[in-house]
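Okay, so here's the structure we're looking at.
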Amino acid sequence: MTYLPSHPRVLLADPEKTLSPEIEFLSSVGLSRVDLARVLSFNPYLLSRSLENQIVPSYNFLRNMISQKNVVAVLKRKSWMFLENHSRNVMPNIEALRELGMPRACISLLLAHDTQVLMHNYDELVQLVNEVKGMRFDLKKSTFVVALRALCGKSSRAIWNRNREIYKRSWGWSDDDVISAFRKSPQCMILSEKKIMQTMDFLVNKMGWSASMIPTHPIILCFSLENRIIPKCSVVKVLMKKGLVDEKLSLTDVDLMGIGEEEKRKKDEAELQN
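Taking full-length UniProt numbering, the leading residue of the sequence shown gets 1, the next gets one more, and so forth.
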């Protein structure tokens with residue numbers, strides 16, 4: 001088993017009193033056998049924590065805030081949350097966000113998808129929230145949550161700074177363009193360098209749109225180039241050749257969005273209430 005080298009003491013655990021009850025509980029909340037094996041291989045320390053004093057209280061804490069489906073998602077992606085002292089780390093930050101005006105839906109979104117943000121130092125988190133508010137993000141919208149993730153921690157901040165330089169150096173964006181794009185679609189600042197360069201190259205050099213146009217519609221950078229952008233743009237090219245649309249058609253005139261950002265926010269928040 002892959003977890004033995006990292007946590008060999010699991011072999012000393014009582015299979016009837018410790019291992020079996022914890023495995024049964026984790027299975028009962030919705031983890032499949034395959035998912036359970038993966039979770040325990042990645043985080044064998046779950047098996048050494050008290051079911052009654054740690055695992056179940058952690059589950060109840062999360063379930064009180066987010067849907068059963070999202071609790072399972074946290075278990076699969078961030079099972080270390082079940083090892084934390086929530087009263088010491090997470091709850092003070094949740095209370096701070098509530099006092100600052102963040103609605104329950106956005107806090108739930110953080111718990112379900114960006115849990116690491118809530119593990120940061122209390123003072124650092126408050127400072128980060130104020131920084132994001134200073135960029136004119138709305139605390140009551142899901143884009144605020146994505147912006148927090150994009151700027152939270154040294155590694156995330158390094159990616160944000162790297163992408164800012166890519167947009168400026170390679171595509172001629174100004175600092176105002178970067179902030180404007182970030183406000184409209186914060187996901188565009190957490191993409192890989194390869195994704196940014198390939199998508200910008202296609203839109204600018206293949207489709208002929210101005211690089212300065214992209215910050216007005218930055219959500220397009222987050223879509224799949226192969227599965228969404230290229231197929232739709234291929235249709236646009238055919239229509240242009242046939243003279244059915246203006247060759248100066250702007251990016252904002254092309255239906256590349258599908259579900260708009262506001263509709264997506266409402267869908268995400270509705271799911272969290274389930």
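For glycine and all other residues, C-beta sits at the position ideal for the given N, C-alpha and C.
Three-state secondary structure assigned by DSSP to phenylalanine 182: For the purposes of this step, residue 182 is taken as residue 182 along the sequence shown, with counting starting at 1. Annotated three-state conformation of phenylalanine 182 is helix, per DSSP.
How is leucine 125 classed by DSSP in three states: helix, strand or coil? Working through the sequence shown from its first residue, we reach residue 125 at position 125. In the three-state DSSP reduction, leucine 125 falls in the helix class (H, G or I).
What are the boundary residues of the alpha helix (DSSP H) that includes aspartate 201? Working through the sequence shown from its first residue, we reach residue 201 at position 201. Element bounds for aspartate 201: 193-201.
So which of Val145, Leu40 and Cys188 has the shortest CA-CA distance to asparagine 161? Residue 161 sits at position 161 when you count from the first residue of the sequence shown. Taking only the C-alpha atoms, the option nearest asparagine 161 is Cys188.
Counting Cβ pairs, one atom from each stretch, are 3 or more of them under 8 Å apart for the stretch 126-135 and the stretch 83-92? Touching, no.
Can you tell me where the alpha helix (DSSP H) with lysine 135 in it begins and where it stops? Looking up residue 135 in the sequence shown gives position 135. It should be noted that the sequence gives methionine, not lysine, for residue 135. Unbroken run through methionine 135: none, as it is neither H nor E.
Here's the rule I'm using: 16 or more other beta-carbon atoms within 10 Å means buried, otherwise exposed. How should proline 186 be labelled? For the purposes of this step, residue 186 is taken as residue 186 along the sequence shown, with counting starting at 1. Counting of Cβ neighbours within 10 angstroms places proline 186 among the buried residues, the total reaching 16 or more.
Let me make sure I understand the geometry here. Which of Trp209, Leu111, Glu99 and Met102 has the alpha-carbon closest to that of tryptophan 80? Within the sequence shown, the letter at position 80 stands for residue 80. Nearest C-alpha to tryptophan 80: Leu111.
Do methionine 102 and leucine 139 have their CB atoms nearer than 8 Å? Here the question's residue 102 lines up with position 102 in the sequence shown. Here the question's residue 139 lines up with position 139 in the sequence shown. Yes; because the gap between Cβ atoms is below 8 Å, this pair is in contact.
Please identify the residue among Ile220, Met65 and Tyr45 whose C-alpha is closest to the C-alpha of lysine 184. As a position in the sequence shown, residue 184 is number 184, starting the count at 1. Ranking Ile220, Met65 and Tyr45 by Cα distance to lysine 184 puts Ile220 first.
Going along the chain, which residues of its own chain have a beta-carbon closer than 7 Å to the beta-carbon of leucine 100, five neighbours each way excluded? Numbered from its first residue, the sequence shown carries residue 100 at position 100. Same-chain partners within the cutoff: Val129 and Leu139.
What ranges does the alpha helix (DSSP H) occupy inside the stretch 26-76, keeping only unbroken runs of at least 4 residues that lie completely in it? Those alpha helix (DSSP H) runs which fall completely within the stretch 26-76 and span 4+ residues are 33-42 and 56-63.
Express the C-alpha separation of methionine 135 and methionine 119 in angstroms, rounding to a whole number. Here residue 119 refers to the residue found at position 119 when the sequence shown is read from its first residue. Here residue 135 refers to the residue found at position 135 when the sequence shown is read from its first residue. Near 23 Å, if we compare the C-alpha coordinates of methionine 135 and methionine 119.
Please return the same chain residues whose Cβ sits closer than 8 Å to the Cβ of glutamine 54, not counting the five positions on each side in sequence. Residue numbering aside, residue 54 sits at position 54 when the sequence shown is read from its first letter. Hits under 8 Å: Phe82 and Leu83.
Assumed close pair aspartate 114, leucine 148 - CB separation to whole angstroms, cut-off 8 Å: Sequence index remark: in the sequence shown, residue 114 carries index 114 (1-based). Sequence index remark: in the sequence shown, residue 148 carries index 148 (1-based). Indeed, because the Cβ distance is near 7 Å, the residues count as touching under 8 Å.
Which residue marks the beginning of the alpha helix (DSSP H) containing tryptophan 171, and which one marks its end? The residue labelled residue 171 in the question sits at position 171 within the sequence shown. Run containing tryptophan 171: 154-171, per the alpha helix (DSSP H) assignment.
Less than 8 Å between the beta carbons of methionine 207 and tryptophan 171, yes or no? Here residue 207 corresponds to residue number 207 of the sequence shown, with the count starting at 1. Here residue 171 corresponds to residue number 171 of the sequence shown, with the count starting at 1. No. Outside cutoff.
Is the beta carbon of leucine 31 sitting closer than 8 Å to the one on leucine 75? Position 31 of the sequence shown, counted from the first residue, corresponds to residue 31. Position 75 of the sequence shown, counted from the first residue, corresponds to residue 75. The answer is yes: Cβ separation under 8 Å.
Which residues in the same chain have their Cβ closer than 7 Å to the Cβ of alanine 150, if we skip the five residues on either side of it in sequence? Stepping through the sequence shown from its first residue, residue 150 is reached at position 150. The answer, listed in chain order, is Ser156, Trp160, Pro186, Met189 and Ile190.
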